[in-house]
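Heads up: the sequence shown at position 57 corresponds to 583 in the numbering used here, and the numbers run straight through without jumps.
Note that beta-carbon positions come from the ideal geometry of N, C-alpha and C, so glycine has one too.
This structure is a prediction, so every number in the text was calculated from the model and none was measured.
Here the structure comes first, spelled out in structure tokens, and everything after it is commentary.
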Amino acid sequence: MKELRKNYWNPRDWDENFINEQDFLFPFNTTLSEGEWTSWHEHPFWAEFVVLLSGSAVIETTKLNYLANESQCIWIPPRTNHTFYTLESTANRTIFIHESLFKGDERFSSCQILNSTTLLKELVKVVDDWHLDMRAEK
Numbered sequence: 527m528k529e530l531r532k533n534y535w536n537p538r539d540w541d542e543n544f545i546n547e548q549d550f551l552f553p554f555n556t557t558l559s560e561g562e563w564t565s566w567h568e569h570p571f572w573a574e575f576v577v578l579l580s581g582s583a584v585i586e587t588t589k590l591n592y593l594a595n596e597s598q599c600i601w602i603p604p605r606t607n608h609t610f611y612t613l614e615s616t617a618n619r620t621i622f623i624h625e626s627l628f629k630g631d632e633r634f635s636s637c638q639i640l641n642s643t644t645l646l647k648e649l650v651k652v653v654d655d656w657h658l659d660m661r662a663e664k
């Protein structure tokens, strides 16, 4: 059996200001090799919306594990302790969404695997590619 989790990867290691606390949305773009994973972590005020462009990944929480492939996306609510690891080379775009945009709405209170569409993937790419300034106040 192939060893998973052979390479440790955590985007927060190289950027102490990983998320700009003034933005409502924060895009993040990465490609991971097979067997890479993040440390256990949570985002206190941010939901994580991961769109897999290729490959597959497992999101492990303290309650459940979720398997997603390139036809799916992953919703991880704020304050959800989780780790993310790849089963194969994976390209993804992630948008961190400030909880003030959905706070109190039960639809966003638990982890979910959702079906993705070509349109959704392209929209998420555009949000990242444009490097929009989405601060609450200028």
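Simplified DSSP state of residue i, which is helix, strand or coil
i	result
Cys637	coil
Glu614	coil
Ser580	strand
Leu558	strand
Glu574	strand
Leu593	strand
Thr470	This structure does not reach residue 470, given that the chain is present from 527 up to 664, and the question cannot be answered.
Thr564	coil
Thr644	helix
Glu547	Unreliable positioning characterises Glu547 in this predicted model, as indicated by a pLDDT of 49, which lies under 50. A coordinate reading is not provided.
Leu649	helix
Lys629	coil
Thr587	strand
Residue from the options with nearest C-alpha to residue i
i	options	result
Glu621	Asn607, Arg633, Leu646, Leu593	Reading the sequence as shown, one finds Ile at residue 621 and not Glu. That would be Leu646, whose Cα lies nearest to the Cα of Ile621.
Leu613	Gly561, Leu578, Glu586	Gly561
Ser642	Phe610, Pro603, Gly630, Gln598	Gln598
Ala617	Ser580, His567, Ile602	Ser580
Phe634	Ala573, Phe610, Trp563	Ala573
Phe667	Pro603, Ile585, Trp563	No statement about residue 667 is possible, as the shown extent of the chain runs from 527 to 664 and does not include it.
Thr697	Glu632, Phe610, His567	In this structure the chain extends from 527 to 664, so residue 697 is not present and cannot be described.
Pair within 8 Å by beta-carbon distance, residue i and residue j
i	j	result
Arg605	Val650	no
Ile639	Ala583	no
His667	Thr587	Any question about residue 667 goes unanswered here, given that the chain covers just 527 to 664.
Ser615	Ser565	no
Leu578	Cys637	no
Residue i, enclosing beta strand (DSSP E) - first and last residue
i	result
Asn607	First-last for Asn607: undefined, no H or E at that position.
Rounded Cβ spacing between residue i and residue j (contact assumed at less than 8 Å)
i	j	result
Phe571	His624	6 Å
CB contact check: residue i to chain B, cutoff 8 Å
i	result
His608	The structure shown contains no chain B, having only a single protein chain.
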